[in-house]
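These notes are about the structure you will find just below.
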Amino acid sequence: PVVNGVKSSQAVLLRLGIDESDVISNGELFTFYSPPTVNSIFPSYGFYEGGEEVLITGTYFRNATSLSCYFGDVPSPQIQWISDASILCTSPLIENKENSPRVNVTVTNNGVDFTHTSSLTEYEYTHRPDASLVWPSWMNEENRTSIAIKGKGLSRVEACLFGIVKHRYHAFNATDNSI
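Using the working numbering, the letters of the sequence shown correspond one by one to residues 1 to 179.
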């Protein structure tokens with residue numbers, strides 16, 4: 001049933017009726033609640049292997065065992081309720097990489113009704129960055145030589161780290177196969 005004016009949630013006793021009259025029954029509790037919404041997801045991309053923690057912000061997330069989030073039609077393997085406005089979902093493994101790498105993230109409080117989708121709820125799967133060539137492959141530690149990196153899945157790389165060196169080097173001119 002549609003209930004106007006319900007804010008957050010409201011529990012009522014379900015009563016059965018015959019011929020338009022109430023019948024005393026063992027009734028069950030039934031809860032009306034406002035539908036959840038998703039306002040943002042961060043980060044909005046991750047790897048096909050899954051395992052990325054994605055912060056989802058919105059409204060009316062219920063702290064219940066039936067709370068779940070889906071990446072496309074694949075459920076998140078783990079969800080953590082933070083508040084009625086924030087949850088943390090782990091991105092699932094995507095086995096069929098032939099499908100579109102973009103999926104919508106949806107949330108459900110009851111396993112039946114899902115949030116609406118929009119460009120704000122898109123999550124993009126990408127390949128893990130892989131460097132196949134670094135040139136030059138060595139340099140003087142005091143030198144400020146530019147380094148070229150070739151590989152695949154490099155378009156989202158923002159910085160390079162070299163072993164135990166405790167400095168991040170910013171990446172420039174990144175494309176899918178070179179930095």
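Ideal Cβ placement from N, Cα and C applies to all residues, glycine included.
Expected contact under 8 Å - CB spacing of residue i and residue j to nearest Å
{"i": "Phe71", "j": "Pro92", "result": "6 Å"}
{"i": "Thr117", "j": "Thr37", "result": "Wrong, their Cβ atoms sit about 11 Å apart, outside the cutoff."}
{"i": "Asn39", "j": "Leu120", "result": "7 Å"}
{"i": "Tyr48", "j": "Lys97", "result": "6 Å"}
Per DSSP, cross-strand counterpart(s) of residue i
{"i": "Pro75", "result": "Tyr70"}
{"i": "Phe42", "result": "Leu55"}
{"i": "Tyr169", "result": "Cys160"}
{"i": "Lys150", "result": "Leu133, Ser178"}
{"i": "Thr126", "result": "Phe47"}
{"i": "Arg62", "result": "In DSSP, Arg62 forms no bridge with anything."}
{"i": "Val12", "result": "Phe30"}
{"i": "Asn121", "result": "The sequence given here has Thr at residue 121, not Asn. Thr121 pairs with nothing; no bridge assigned."}
{"i": "Val103", "result": "Tyr123"}
Selection from the options that minimises the alpha carbon distance to residue i
{"i": "Ser44", "options": "Ile18, Glu124, Trp138, Glu95", "result": "Glu124"}
{"i": "Pro35", "options": "Gly163, Leu16, Leu67", "result": "Leu67"}
{"i": "Gly46", "options": "Val103, Ile82, Cys69", "result": "Val103"}
{"i": "Arg171", "options": "Ile18, Val157, Thr65, Gly163", "result": "Here the sequence assigns Ala to residue 171, which means Arg is not the residue at that position. Comparing Cα positions, the closest option is Val157."}
{"i": "Gly51", "options": "Asp19, Ile94, Ser83", "result": "Ile94"}
{"i": "Ile179", "options": "Arg168, Ile164, Val165, Cys160", "result": "Cys160"}
{"i": "Glu186", "options": "Phe42, Asp19, Thr145, Ile18", "result": "With the chain covering 1 to 179 only, the question about residue 186 has no answer from this structure."}
{"i": "Glu133", "options": "Ile147, Met139, Asn140, Gly163", "result": "Position check: residue 133 holds Leu in this sequence, whereas Glu was assumed. Measuring from the Cα of Leu133, the nearest candidate turns out to be Ile147."}
- Segment contact, 8 Å Cβ cut-off, at least three pairs: the region 82-96 with the region 53-60: yes
- Message: Between the region 29-36 and the region 9-18, can you find at least three pairs of beta-carbon atoms closer than 8 Å?
- Response: yes
- Query: Are at least three pairs of beta-carbons, each pair with one atom in the region 104-117 and one in the region 128-138, less than 8 Å apart?
  - Reply: no
- Is there contact between the region 150-160 and the region 74-83, where contact requires at least three CB pairs shorter than 8 Å? no
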